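**Student:** Sequence order for the protein chains is G and W. Per this note's numbering, numbering through the first sequence is continuous, rising by one, with the last residue being 624. Per this note's numbering, numbering through the second sequence is continuous, rising by one, with the last residue being 709.
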Amino acid sequence: MTSNSLLQIVFYMAVLIALAKPLGSYMAKIYDDEPVVINRWLAPFEAWIYRLSGVNPQQEMRWTDYAIALLVFNLLGGLAVFGLQSLQASLPLNPQNLPNVSPDSAFNTAVSFATNTNWQGYGGEVTMSYLTQMLGLTVQNFVSAATGMATLVALIRGFTRRKADIIGNFWVDMTRSTLYILMPLSLVLALVLVGQGVVQTFSPYQTVSLLERVSYEQPKLGADGVALQDASGKPELEAVEVKEQMIAVGPAASQVAIKQLGTNGGGFFNVNSAHPLENPTPLSNFLEMLSILLIPAALCYTFGMMVGDTRQGWAILAAMTLMLVALIFVTVPAEQSGNPAFSALGVDQIASAEQSGGNMEGKETRFGITNSALWAVVTTAASNGSVNAMHDSFTPIGGLVPMWLMQLGEVVFGGVGSGLYGMIMFAIVAVFVSGLMIGRTPEYLGKKIEAYEMKMAAITILIPPLMVLGGTALAVLLEVGKSSIFNPGAHGFSEVLYALSSAGNNNGSAFGGLSANTPFYNTLLGVVMLFSRYWLAVPVLAIAGALAAKKIVPVGPGTLPTHTPLFIVLLIGTVLMVGALTFVPALALGPVVEHLQMLGAVAAK
Amino acid sequence: MNNKSVLRSLGDPQILGDALVESFRKLSPQQQWKNPVMFVVYIGSMLTTLLWVLALNGEGQDPPQFILAITLWLWGTVLFANFAEAIAEGRSKAQAAFLRSAKRDIAAKKLDEPRHDANYSKVAGSSLRRGDVVLIEAGDFVPGDGEVIEGVASVDESAITGESAPVIRESGGDFSSVTGGTRVLSDWLVVRITANPGEAFLDRMIAMVENAKRQKTPNEIALTILLVALTLVFLMATVTLLPFSWYAVATSGSGQPITLTVLVALLVCLIPTTIGGLLSAIGVAGIGRMMQKNVIATSGRAVEAAGDIDVLLLDKTGTITLGNRQASAFIAVAGVTERELADAAQLASMADETPEGRSVVVLAKQKYGFRERDVQSLGATFVHFSAQTRMSGVNIEGRQIRKGAADAIRSHIEEQGGKFQPEFRKVVDDVARRGSTPLVVSEGTRVLGVIELKDIVKGGIKERFAELRQMGIKTIMITGDNRLTAAAIAAEAGVDDFLAEATPEAKLKLIRQYQAEGRLVAMTGDGTNDAPALAQADVAVAMNSGTQAAKEAGNMVDLDSNPTKLIEIVETGKQMLMTRGALTTFSIANDVAKYFAIIPAAFATTYPVLDVLNVMELATPASAILSAVIFNALIIVALIPLALKGIKYKPVGAATLLQNNLLVYGVGGLIVPFIGIKAIDLILVTLGLV
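#1: Does the beta-carbon distance from V303 (chain W) to S47 (chain W) come in below 7 Å?
#2: If you reduce the DSSP assignment to three classes, tell me which class M562 (chain W) lands in.
#3: Helix, strand or coil for D175 (chain W) per DSSP?
#4: At what residues does the alpha helix (DSSP H) containing F160 (chain W) begin and finish?
#5: With I187 (chain W) as the anchor, note down where its beta strand (DSSP E) starts and where it stops.
#6: Which one or two residues does DSSP pair with G468 (chain W) in a beta bridge?
#7: Give me, in chain order, the residues of the same chain whose beta-carbon lies closer than 7 Å to that of G323 (chain G); leave out the 5 immediate sequence neighbours on both sides.
#8: Closest Cβ-Cβ distance between V574 (chain G) and chain W: below 7 Å?
#9: Can the beta-carbon of I492 (chain W) be found less than 7 Å from the beta-carbon of Q594 (chain W)?
#10: Under 7 Å, CB to CB, which of the residues in the segment 637-656 of chain W have a partner in chain G?
#11: Buried or exposed: where does H135 (chain W) fall if 16 or more other Cβ atoms within 10 Å of its Cβ makes it buried?
#12: Quick check for students: name the residue ranges of the alpha helix (DSSP H) that lie wholly in the segment 34-105 of chain W, counting only runs of 4 or more.
#13: Based on DSSP bridge pairs, tell me the residues matched to R263 (chain G).
#14: Could you tell me which residues DSSP pairs with Q237 (chain G) in its beta bridges?
#15: Under the assumption that L439 (chain G) contacts C319 (chain G) (Cβ atoms under 8 Å), give the Cβ distance between them as a whole number of angstroms.
#16: Could you give the residue range of the alpha helix (DSSP H) that holds G43 (chain G)?
#17: Which chain G residues sit within Cβ distance under 7 Å of P262 (chain W)?
#18: If you drop the 5 nearest sequence neighbours on each side, which residues of the same chain put their C-beta closer than 6 Å to that of N22 (chain W)?
#19: Quick one, are the C-beta atoms of I311 (chain G) and Q279 (chain G) less than 7 Å apart?
#20: Could you give the C-beta distance for G326 (chain W) and V589 (chain W), rounded to a whole number, given that I count them as a contact under 8 Å?
#21: Could you name the residues of the same chain whose beta carbon sits closer than 6 Å to that of L25 (chain G), not counting the 5 residues immediately before and after it, in chain order?
#22: If you run the structure through DSSP and keep just helix, strand and coil, what is I495 (chain W)?
#23: Quick check: the Cα distance between I607 (chain W) and D192 (chain G), rounded to an integer number of angstroms?
#24: Tell me whether the segment 417-435 of chain G and the segment 263-278 of chain G touch, counting them as touching only if at least three CB pairs, one residue from each stretch, are closer than 8 Å.
#25: List in chain order: all unbroken alpha helix (DSSP H) runs of 4+ residues lying wholly within the segment 88-149 of chain G.
#26: In whole angstroms, what is the alpha-carbon distance linking K232 (chain W) and A300 (chain W)?
#27: Quick one: what does DSSP say K570 (chain W) is sitting in, helix, strand or coil?
#28: Alpha carbons only, please: which of W:A673, W:T566, W:V330 is nearest the one belonging to Q532 (chain W)?
#29: If distances are taken between C-alpha atoms only, which option among W:T198, W:R465, W:D449, W:M490 comes closest to L472 (chain W)?
#30: Answer yes or no: do A425 (chain W) and V459 (chain W) have a C-beta to C-beta separation smaller than 7 Å?
#31: Measure the beta-carbon distance from T340 (chain G) to N135 (chain G) and round it to whole angstroms, keeping in mind my assumption that it falls under 8 Å.
#32: Buried or exposed: where does H403 (chain W) fall if 16 or more other Cβ atoms within 10 Å of its Cβ makes it buried?
#33: Beta-carbon separation of S196 (chain W) and E166 (chain W) under 7 Å?
#34: Since V709 (chain W) and A616 (chain W) are thought to touch, with beta carbons under 8 Å apart, how far apart are those beta carbons, to the nearest angstrom?
#35: Once DSSP output is grouped into helix, strand and coil, what is the label at A541 (chain W)?
#36: Have a look at T414 (chain G) and E65 (chain G) and give me their C-alpha separation to the nearest angstrom.
The structure is reproduced here in structure tokens:
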């Protein structure tokens, strides 16, 4: 690892942590309805939204009503996206005359965007009209993120209220999350990104002449489409010269901003943030990368503030940060040290002033090793899933880390709202075990953790591994699943495992190398995404309801403090143990074998 | 049953033998189903047994010897868990049998009228109903739980308490309850039966001991949920390994897929069998330990709740101070001689059967030679003490003599239109400030003076309270004394707070107030006037010497009637939780080593490169898998003593305690299996078994 690389990582983390407090306290004020200029300024607009939709913002909900509102709202959102895709050929803002999307792909995408996963089985510029991108996908980017934030806020209210049966109003939480948090941040980020060169236009795709024409030879085809052969049986070749290229454009900046901020990750273009018009410069790269973790990090502070003890928020942020940093320092060196197979081919993998060195396969030269590997860790730590390099081409260990970060349940920062509520579920388990170890009925933030909370927390921790492992098993059992695997050996297995890990934890990034836009994978991954989102959100709301009904146990000398380094270690231990013990066998058959085989191959030579 | 006999039963060959038999009897599916974690092992054992039979017929994926070895150790795992439970139950069963021996059918002398000299008929003890009145004479057994309404007698309660010294039971006051199965040694008692057949204290004790394993406590239920969730995760991780391994074999083109035997072995090693196997033993043993301490809990839930107590309310008298207060001086007001005061005080105390009342009579006799007078012939009517008026006295020859707490007497005087002299307040305060109790004596609307009742704080009690404080428990002394007296004694005893001039309503209010704040309140008491507060408290320990009402209101009875026993009750409650928590952590931490043993072995033929993970350098794949399974089974046996004894609790604060236990059971749990599995592997190789 180079010192330049270290400096970039430290700078990134420092900026991220520095922003957590101001943004976190801003969000806490928004949710507590304290005046912070914008929510007074836009108050009439907010009130108008409630009037228009017939919502009484004063009327709070029981957890069951809250959950029903959430599910119905998400269902309608998913249906809207499905409808837009299925009818886009007849709808406006489709300059490329893209056809309607196939039902299985449309289902997959609708689920994917409603669940904040943003797995993309399709390629954006060749599939989605501008209208679908804007009205369908971008809208879901906002509201799926807001759904996660609303669920989190409801859970926090569960901790702060005593003997109450209501946990807030879903519509109000949604509206405030969108109007006062996601919209302003996205607006600012989109404008800056446009300044950096991210495209934002309704114009059709542009055809440009190439400055450097490309010449190559390709097999000559006969009238029947079969390659012609010469007398010796070799294919007949013809020279081709490419003079111009079609450049896909569109209203990208507005979607890219929220895609990063809302931990959505669904790219406007197929190659996501590796695309020069989606992520053109190192600065745009830094800002997009910062946006991934910005809200999840700040929400920790919001949590601390809302429960009346900011140390609780810092403790969770510390646990997340320690895990993130540790894994950054696994991935970046793994990529920097390169691939021994390339060395054998004489590829220069030593970092110098001219190049970043390391394993540059599948990476953009404008980002280099550090910003590609850092992005890979950050985007999988959060359930963002946008990519600026191809994870499939990472070294086995470099690829193992992003996969494992997802398998940890997307709680190392995780999705906006969902990451923190997932982490709080782990905290509940950690508190439970440690409470037993000190001989006291466990309590977290003054709320006793009993059988019901354990049951719900167990479900939220259980579902993603079941989905990931079960889905992967199904895919490698069935011919229809195996036929989509391009790479042989352990790497092919890693690709399937990665895809399911991504969908099963609502991340949405793709390893690649797997032809996932098939009816089988579209359906399998769609179902997995649905379960992993709502089978977690509903138990979390159930816990919120159960906790709100309890009284608050005052802190005494027998209370286990949950803001100390000891608790941070315990929380990290719980997350890592569950994550490691569940996935060790699967990872051993995928990336671990790949890594050992890679080393073995070199040793054999 | 006393402590020694219970302790001895740990190594009792009879109990061990019974437990062995019981371990096999518990192999029935109904029994196994109750413990989800062990049920998985049970099913796994059946599966490998089947695989072994198939292998014998030449249809096995593994050699039959290997499958047999795994199968035997899997059944061993199930049996060891059964054995742990059986041995814990064995101890309780021995106790139950002992208790039952006290519960023979006793012939009772049922009185026609509630008088000593009424006619009686002989009936079977089991036919007695609540409200019947019986006569019990020297040598008779007490036929059922009841309240003494006449007489004084010495009673041998060793059948219940294990304490051989006889105790005095008498009508009135706080020593009026008798328990069925005990024996009257001298004199006679007239007892009103208070429990219907099958509801008596002894019945409740036996039921408690026998059902200890069947009632899961709330924390146990929550832990079981966590264990089931972990089991499901591991089940998924191992079951999916089969298709993964098929794919791996197909794509790498070498080796054999993972065999079912190895999969079952891996699954059993990974699921938390250590805690799963010992979970119910820990609970049963916890109740057993309470009994060793001579505390009978009505439910495991109550024992567990004891570990969570934040506030402890203690009755001052008999708990914090030695026994009863004694009258030590008469302080007359100006214009009244001490002799006049003593005379009035003695008259007012004639019918007062409490030790305090008697001490007044005795003091008057010692100082001024007043003899007890035949009050009946004087035509006196006695006003008995009530919790509301908080005074007692006598109406005799037109005199109205009352004694009681200063404010009780004041309101009494003021009610009658008299005036309570404010300067008298000072005399009362002086007595109180000395830590003594001032008892004001009045006649009509005139105050005569004060009887000073001296209180002596028990030796060593201050250290006990300091210990409770370290546990995070706030102690509150409850007393009927006035604030000044209470404050003096509270300071001397080292309690955190006190409630003075406590009425039953005030006690109840205090408990409710703490509960509303979210605190868990424990209370010890013995008197009938404690009963409402005991019923309200989360953990209520009644003294066995106390009244029947108190015992029924409590959820634990201390047979030794030692109020500071609560410290040990709290410790036992905490130990139960800690033992479960520590073994859960240990169990999960063990999995790391087991992965390192089994994963390289399971895929030795498909991916030989994975041998890098064989950090323990186990001899062969077969020996690696077998060693892990054997370790997993033996660790249950090794931890039985810990499960039965419980982890020692030290009041060092939550964070330190957690840190210590994490180091021992978390880090220890990571390291121990590496050593254990390697050692077993070496032994297997040395013995030439693999």
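Where a beta carbon is used, it is the ideal one built from N, C-alpha and C, also for glycine. Since the structure is predicted, the reported quantities are computational estimates derived from the model, not experimental observations.
**Tutor:** Reading it off the structure:
#1: Locating residue 303 (chain W) in the second sequence gives position 284, where the first residue counts as 1. Locating residue 47 (chain W) in the second sequence gives position 28, where the first residue counts as 1. Going by C-beta atoms, V303 (chain W) is not nearer than 7 Å to S47 (chain W).
#2: Translated into positions along the second sequence, residue 562 (chain W) becomes position 543. The answer is strand: DSSP assigns M562 (chain W) an E or B state.
#3: Within the second sequence, residue 175 (chain W) is the residue found at index 156, counting from 1. Strand.
#4: Within the second sequence, residue 160 (chain W) is the residue found at index 141, counting from 1. Note, F160 (chain W): premise wrong, no alpha helix (DSSP H); not H, not E.
#5: In the second sequence, the residue the question calls residue 187 (chain W) occupies position 168. Unbroken beta strand (DSSP E) run through I187 (chain W): 186-189.
#6: Residue mapping note: residue 468 (chain W) aligns to position 449 of the second sequence, counting from 1. G468 (chain W) pairs with W:A351, W:V460.
#7: Residue numbering aside, residue 323 (chain G) sits at position 304 when the first sequence is read from its first letter. For G323 (chain G), where only same-chain residues beyond five positions count, the Cβ hits under 7 Å are T329, R330, Q331, G332, W333.
#8: Taking the first residue of the first sequence as 1, we reach residue 574 (chain G) at position 555. So, not an interface residue.
#9: Working through the second sequence from its first residue, we reach residue 492 (chain W) at position 473. Working through the second sequence from its first residue, we reach residue 594 (chain W) at position 575. Going by C-beta atoms, I492 (chain W) is not nearer than 7 Å to Q594 (chain W).
#10: none
#11: Locating residue 135 (chain W) in the second sequence gives position 116, where the first residue counts as 1. The residue is exposed, with fewer than 16 neighbouring Cβ atoms inside 10 Å.
#12: 48-52, 55-75
#13: On the first sequence, position 244 is the one that residue 263 (chain G) refers to. Note on residue identity: the sequence assigns Glu, not Arg, to residue 263 (chain G). Paired residues: G:S228.
#14: Taking the first sequence and counting its residues from 1, the one referred to as residue 237 (chain G) is at position 218. Q237 (chain G) is bridged to G:E257.
#15: Locating residue 439 (chain G) in the first sequence gives position 420, where the first residue counts as 1. Locating residue 319 (chain G) in the first sequence gives position 300, where the first residue counts as 1. With a Cβ gap of about 6 Å, L439 (chain G) and C319 (chain G) count as contacting.
#16: Translated into positions along the first sequence, residue 43 (chain G) becomes position 24. Where G43 (chain G) is concerned, the enclosing alpha helix (DSSP H) stretches over 22-50.
#17: For the purposes of this step, residue 262 (chain W) is identified with residue 243 of the second sequence, where counting begins at 1. Correct list: A492, V495, L496.
#18: Position 3 of the second sequence, counted from the first residue, corresponds to residue 22 (chain W). Bear in mind that a pLDDT of 40 at N22 (chain W), under 50, signals an unreliable position, so the number given afterwards is only what the model happens to contain. Cβ neighbours of N22 (chain W) beyond the five flanking positions: Q311.
#19: Position 292 of the first sequence, counting from 1, holds the residue named residue 311 (chain G). Position 260 of the first sequence, counting from 1, holds the residue named residue 279 (chain G). Yes, these two residues count as a Cβ contact at 7 Å.
#20: Along the second sequence, one-based indexing puts residue 326 (chain W) at 307. Along the second sequence, one-based indexing puts residue 589 (chain W) at 570. The Cβ separation is near 6 Å, so the contact holds.
#21: Here residue 25 (chain G) refers to the residue found at position 6 of the first sequence. So no residue of the chain qualifies.
#22: Against the second sequence, residue 495 (chain W) aligns to sequence position 476. In this structure, I495 (chain W) counts as strand in the three-state DSSP scheme.
#23: Residue 607 (chain W) sits at position 588 when you count from the first residue of the second sequence. Residue 192 (chain G) sits at position 173 when you count from the first residue of the first sequence. Distance between the alpha carbons of I607 (chain W) and D192 (chain G) is about 39 Å.
#24: no
#25: 122-133, 143-146
#26: In the second sequence, residue 232 (chain W) corresponds to position 213, counting from 1. In the second sequence, residue 300 (chain W) corresponds to position 281, counting from 1. With a pLDDT of only 49 at K232 (chain W), under 50, the local geometry of the prediction cannot be trusted, and no value is derived from it.
#27: The sequence position of residue 570 (chain W) within the second sequence is 551, counting from 1. Helix at K570 (chain W).
#28: In the second sequence, counting from the first residue as 1, residue 532 (chain W) sits at position 513. The shortest C-alpha separation from Q532 (chain W) is found at W:V330.
#29: Taking the second sequence and counting its residues from 1, the one referred to as residue 472 (chain W) is at position 453. Among W:T198, W:R465, W:D449, W:M490, the Cα nearest to that of L472 (chain W) belongs to W:D449.
#30: Position 406 of the second sequence, counted from the start, is the residue given in the question as residue 425 (chain W). Position 440 of the second sequence, counted from the start, is the residue given in the question as residue 459 (chain W). Closer than 7 Å, so yes.
#31: Taking the first residue of the first sequence as 1, we reach residue 340 (chain G) at position 321. Taking the first residue of the first sequence as 1, we reach residue 135 (chain G) at position 116. Wrong, their Cβ atoms sit about 22 Å apart, outside the cutoff.
#32: Counting from 1 along the second sequence, the entry for residue 403 (chain W) is found at position 384. H403 (chain W) is exposed by the Cβ-count criterion.
#33: Here residue 196 (chain W) refers to the residue found at position 177 of the second sequence. Here residue 166 (chain W) refers to the residue found at position 147 of the second sequence. Going by C-beta atoms, S196 (chain W) is nearer than 7 Å to E166 (chain W).
#34: Here residue 709 (chain W) refers to the residue found at position 690 of the second sequence. Here residue 616 (chain W) refers to the residue found at position 597 of the second sequence. The Cβ separation is near 13 Å, so there is no contact.
#35: As a working note, residue 541 (chain W) is residue 522 in the second sequence. Three-state result, A541 (chain W): strand.
#36: Translated into the one-based positions of the first sequence, residue 414 (chain G) becomes position 395. Translated into the one-based positions of the first sequence, residue 65 (chain G) becomes position 46. The straight-line gap from Cα to Cα measures roughly 49 Å.
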